[in-house]
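Q: Attaching a single structure in structure tokens format; questions to follow.
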Amino acid sequence: MPNFKRLKECVVTNKNVIVRVDINVPVVNGKIEDDTRIRAVIPTLKYLAENKAKVIVMSHFGRPEGKVEPSMSIQQLVGRVQELLGSIKVSFVDDCIGDKVRSAVDATNYGEVLMLENLRFYKQETKNDPEFSRNLASLGSLYANDAFSCSHRAHASITGIPAILKSAAGFLMEAELDGLTNHLEHAKKPMMAVVGGAKVSSKIDLLNSLASKAQTIVVGGGMANTFLYALGKNIGKSLCEKDLKNTALEIIETTKKHGCKIFLPFDVVVTKKFEQNSPCKIVSTDSVQEDDIIVDIGPLSIAKLTDELQNHKTLVWNGPLGAFEIKPFNIGTESFARSAAALTCSGKLISVSGGGDSVSALNSAGLIDEFTYISTAGGAFMEWLEGKDLPGIAALNQ
Ligand code: ADP
Ligand code: MG
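1786 is the number that the working numbering gives the last residue of the sequence shown; the numbers go up by one with no jumps.
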């Protein structure tokens, strides 16, 4: 459990409080498609404003790579923040450092919110430039990190500011750290880890780390193809990282060494074309044809998996079990999610999930609220699971 200071332990009244949030939401033609990340930080902003702090909000938005990009201006998000904060006044300044920003801060009253422009309009943000950090830090006297999802990055607004200012975890950060610690670090055993998604290459560290923590590891999604291939099965034209054959075999060895069971699909859904409404069928992993593409885990594997899940007390899940964006290749992921949700609701299972696509799959299945804990973070959630120290969290402890 990282030992960190919580916002409620700090005096905030009549203070300039810098809050780093992650409101990097999807915007199409100026319209916010999903405001989950904005809603998630509202409690922190509201608390600070209601306790008469001057709330200085900073975030990145998109990848402008150090240049001013009007399409990635935070200004587009200000209206939504204002709507959600109701009577609390929200204003915006179109820069994040310099005299203009200082004047805007001076013009903001205690109990109000000032949103700064996209931090990544400056390349110094991702380079963790000390002078840029000093300029940002000079705007406040207390720093709250409410961006768990960015805390695996040593950027100026994540690690630079807390090296200068007194710092605390915002409410979302606190919820993430408490949720992950309570449910996973102190997990009720046995624990099943389900790892899916597209590529083994992005999850090698995760699999190796889970081998020592979980009692069962399930490999699903496109990743499973690489494992099946490594074990000598024909996978046709499926997504596969053939060069990772030995890595897959090593992971299998590592799990065995830790006495952890590894579960691979033994039936799969195959199609000839990777597209919607392309005819598909269920086959054993022993009878995949040369021109087949594996797109989902099969129903027999799901049934067996659901059965196995009953013998576990905790589930940690990252990565869909099939190409869920294309229907009906979402069926495997959804039916497994439904089983996990049902076990959770009956109090038999602690279920935790995280990852961009995993959360989106659970969202479209309408199951988000049925899981014990869902992390809003992708990369940071993964690195936490990998047992790595997140620089943003470490910085809060200094
Ligand atoms: P997360 O964002 O939750 O960490 P990933 O990004 O690792 O998950 O993986 C999600 C992607 O994996 C999705 O785009 C999904 O379509 C893809 N995927 C899953 N199974 C397959 C498969 N059998 N073939 C191709 N892509 C797959
Ligand atoms: Mg993803």
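The C-beta atom is built at its ideal place from N, Cα and C for all residues, glycine as well.
Treat the numbers as computed from the prediction; the structure is a model and nothing was measured.
Assign Ala1495 to one of two classes, buried (16 or more other C-beta atoms within 10 Å of its C-beta) or exposed (fewer than that).
A: Residue mapping note: residue 1495 aligns to position 107 of the sequence shown, counting from 1. So Ala1495 counts as exposed.
Q: Confirm the yes/no value for this check: CB of Asp1593, any heavy atom of the ligand MG, distance under 6 Å.
A: For this step, residue 1593 is matched to residue 205 along the sequence shown. It does not: the Cβ of Asp1593 is nowhere closer than 6 Å to a heavy atom of the ligand MG.
Q: Nearest CA to the CA of Ile1613: which residue from Gly1585, Ser1459, Cys1733, Ala1602?
A: Locating residue 1613 in the sequence shown gives position 225, where the first residue counts as 1. Checking the sequence, you will find Asn at residue 1613 rather than Ile. Minimum Cα distance to Asn1613 is reached at Gly1585.
Q: For Leu1504, which three-state DSSP category applies?
A: Sequence index remark: in the sequence shown, residue 1504 carries index 116 (1-based). Here Leu1504 sits in strand by DSSP.
Q: Extract the residue ranges of the alpha helix (DSSP H) inside the segment 1493-1548, only unbroken runs of 4 or more that lie entirely within it.
A: Counting whole runs of 4 or more residues, the segment 1493-1548 contains the alpha helix (DSSP H) stretches 1511-1514, 1518-1525.
Q: Alpha carbons only, please: which of Asn1417, Glu1471, Val1415, Val1405 is nearest the one belonging to Ala1441?
A: Translated into the one-based positions of the sequence shown, residue 1441 becomes position 53. With distances taken between Cα atoms, Ala1441 lies closest to Val1405.
Q: Given Thr1432, which residues of its chain have a CB within under 8 Å of its CB, disregarding the five upstream and five downstream residues?
A: Along the sequence shown, one-based indexing puts residue 1432 at 44. Same-chain partners within the cutoff: Leu1395, Val1407, Val1409, Ala1532, Asp1534, Gly1558, Phe1559, Leu1560.
Q: Run the Cβ filter for me: residues under 5 Å from any heavy atom of the ligand MG, listed in the order they occur in the chain.
A: The answer, residue by residue, is Gly1744, Asp1745.
Q: By Cβ distance, which residues of its chain are closer than 8 Å to Arg1427, with the 5 residues on each side in sequence left out?
A: Here residue 1427 refers to the residue found at position 39 of the sequence shown. Result list for Arg1427: Leu1472, in chain order.
Q: Please classify Asp1684: does DSSP put it in a helix, a strand, or coil?
A: Here residue 1684 refers to the residue found at position 296 of the sequence shown. In the structure shown, Asp1684 sits in a strand (DSSP, three-state: E or B).
Q: What are the start and end residues of the beta strand (DSSP E) that includes Ser1479?
A: For the purposes of this step, residue 1479 is identified with residue 91 of the sequence shown, where counting begins at 1. Taken as a continuous stretch (DSSP letters only), the beta strand (DSSP E) holding Ser1479 covers 1478-1481.
Q: Per DSSP, what are the beta-bridge partners of Met1611 in this structure?
A: As a working note, residue 1611 is residue 223 in the sequence shown. DSSP, once it has assigned bridges, lists no residue as partnering Met1611.
Q: Can you give the Cα-Cα distance for Cys1628 and Gly1610, rounded to whole angstroms?
A: Locating residue 1628 in the sequence shown gives position 240, counting from the first residue. Locating residue 1610 in the sequence shown gives position 222, counting from the first residue. Approximately 7 Å, taken between the alpha carbons.
Q: Name the residue from Lys1661, Ala1636, Ile1738 whose alpha carbon lies nearest to the alpha carbon of Phe1651.
A: By 1-based counting over the sequence shown, the position of residue 1651 is 263. Among Lys1661, Ala1636, Ile1738, the Cα nearest to that of Phe1651 is on Ala1636.
Q: Pair every Cβ in the segment 1732-1747 with every Cβ in the segment 1703-1715, then say whether three or more of these pairs are closer than 8 Å.
A: A contact exists between the segment 1732-1747 and the segment 1703-1715.
Q: Within its chain, find whatever has a CB closer than 7 Å to the CB of Ser1589; leave out the 5 residues flanking it on each side and keep chain order.
A: Residue numbering aside, residue 1589 sits at position 201 when the sequence shown is read from its first letter. Contacts found: Glu1629, Leu1632.
Q: What first and last residue would you give for the beta strand (DSSP E) that runs through Lys1442?
A: The sequence position of residue 1442 within the sequence shown is 54, counting from 1. Here the beta strand (DSSP E) through Lys1442 covers 1442-1446.
Q: Return the bridge partner residues of Tyr1761 from the DSSP annotation.
A: Numbered from its first residue, the sequence shown carries residue 1761 at position 373. According to DSSP, which records beta bridges pairwise, Tyr1761 is partnered with Val1740.
Q: Mind checking whether the beta-carbon of Ala1586 lies closer than 6 Å to any heavy atom of the ligand ADP?
A: As a working mapping, residue 1586 is identified with position 198 in the sequence shown. Correct: Ala1586 has its Cβ closer than 6 Å to the ligand ADP.
Q: Nearest to Leu1553 by alpha carbon, out of Leu1572, Ala1563, Asn1523, Met1579?
A: As a first step, residue 1553 is located in the sequence shown; it is residue number 165 there, counting from the start. Comparing Cα-Cα distances from Leu1553 to each of Leu1572, Ala1563, Asn1523, Met1579, the minimum goes to Asn1523.
Q: Verify the contact flag: Leu1598, CB atom, against every heavy atom of the ligand ADP, threshold strictly below 6 Å.
A: Working through the sequence shown from its first residue, we reach residue 1598 at position 210. Flag unset: Cβ of Leu1598 not near the ligand ADP.
Q: Which residue's Cα is closest to the Cα of Met1580: Phe1520, Pro1518, Tyr1498, Thr1702?
A: Sequence index remark: in the sequence shown, residue 1580 carries index 192 (1-based). Nearest option by C-alpha distance: Thr1702.
Q: Quick check on Ser1734: does DSSP put it in helix, strand or coil?
A: Your numbering for residue 1734 matches position 346 in the sequence shown. Correct three-state label for Ser1734: coil.
Q: Are there any heavy atoms of the ligand ADP lying less than 6 Å away from the beta-carbon of Glu1678, as far as the coordinates show?
A: By 1-based counting over the sequence shown, the position of residue 1678 is 290. Flag unset: Cβ of Glu1678 not near the ligand ADP.
Q: Is Ile1690 near the ligand ADP, judged by its Cβ being under 6 Å from some heavy atom?
A: As a first step, residue 1690 must be located in the sequence shown, where it is residue number 302. Checking the Cβ of Ile1690 against the ligand ADP gives no.
Q: Looking only at its chain, what residues have a beta carbon closer than 8 Å to the beta carbon of Glu1678, apart from the 5 residues adjacent to it on each side?
A: One-based indexing of the sequence shown puts residue 1678 at position 290. Asn1622, Gly1624, Lys1625.
Q: For the alpha helix (DSSP H) holding Ser1597, just list the boundary residues, first then last.
A: To locate residue 1597, count along the sequence shown from 1; it is residue 209. Note, Ser1597: alpha helix (DSSP H), 1592-1599.
Q: Quick check: is any heavy atom of the ligand ADP less than 6 Å from the C-beta of Ile1682?
A: Reading the sequence shown from its first residue, position 294 is the one you call residue 1682. Answer for Ile1682: yes, Cβ within range of the ligand ADP.
Q: Can you check whether the CB of Glu1758 is closer than 7 Å to the CB of Ala1352?
A: Because the chain is modelled from 1389 through 1786, residue 1352 falls outside the range shown and cannot be assessed.
Q: Hey, out of Ser1597, Asp1593, Glu1562, whose CA is closest to Gly1780's CA?
A: Counted from its first residue, the sequence shown places residue 1780 at position 392. Looking at the Cα atoms, Glu1562 is the closest of the given residues.
Q: Cβ atoms of Leu1527 and His1448: under 7 Å apart, would you say?
A: The residue labelled residue 1448 in the question sits at position 60 within the sequence shown. The residue labelled residue 1527 in the question sits at position 139 within the sequence shown. No, they are not a contact pair.
Q: Candidates Arg1451, Ile1719, Ser1529: which alpha carbon is nearest Ile1670's?
A: Indexing the sequence shown from 1 puts residue 1670 at position 282. Nearest C-alpha to Ile1670: Ile1719.
Q: Which residues bound the alpha helix (DSSP H) around Ile1426?
A: Within the sequence shown, the letter at position 38 stands for residue 1426. Segment 1424-1438, the alpha helix (DSSP H) holding Ile1426.
Q: Would you say the beta carbon of Gly1735 is closer than 6 Å to some non-hydrogen atom of the ligand ADP?
A: As a working mapping, residue 1735 is identified with position 347 in the sequence shown. Checking every heavy atom of the ligand ADP against the Cβ of Gly1735, none is found closer than 6 Å.
Q: If I follow the unbroken beta strand (DSSP E) through Phe1651, where does it start and stop?
A: Start at 1 with the first residue of the sequence shown, and residue 1651 comes out as number 263. Looking at the DSSP string, the run of the beta strand (DSSP E) that includes Phe1651 is 1649-1651.
Q: Could you name the residues that DSSP lists as bridge partners for Asp1357?
A: What is shown of the chain runs 1389 to 1786, which leaves residue 1357 out entirely.
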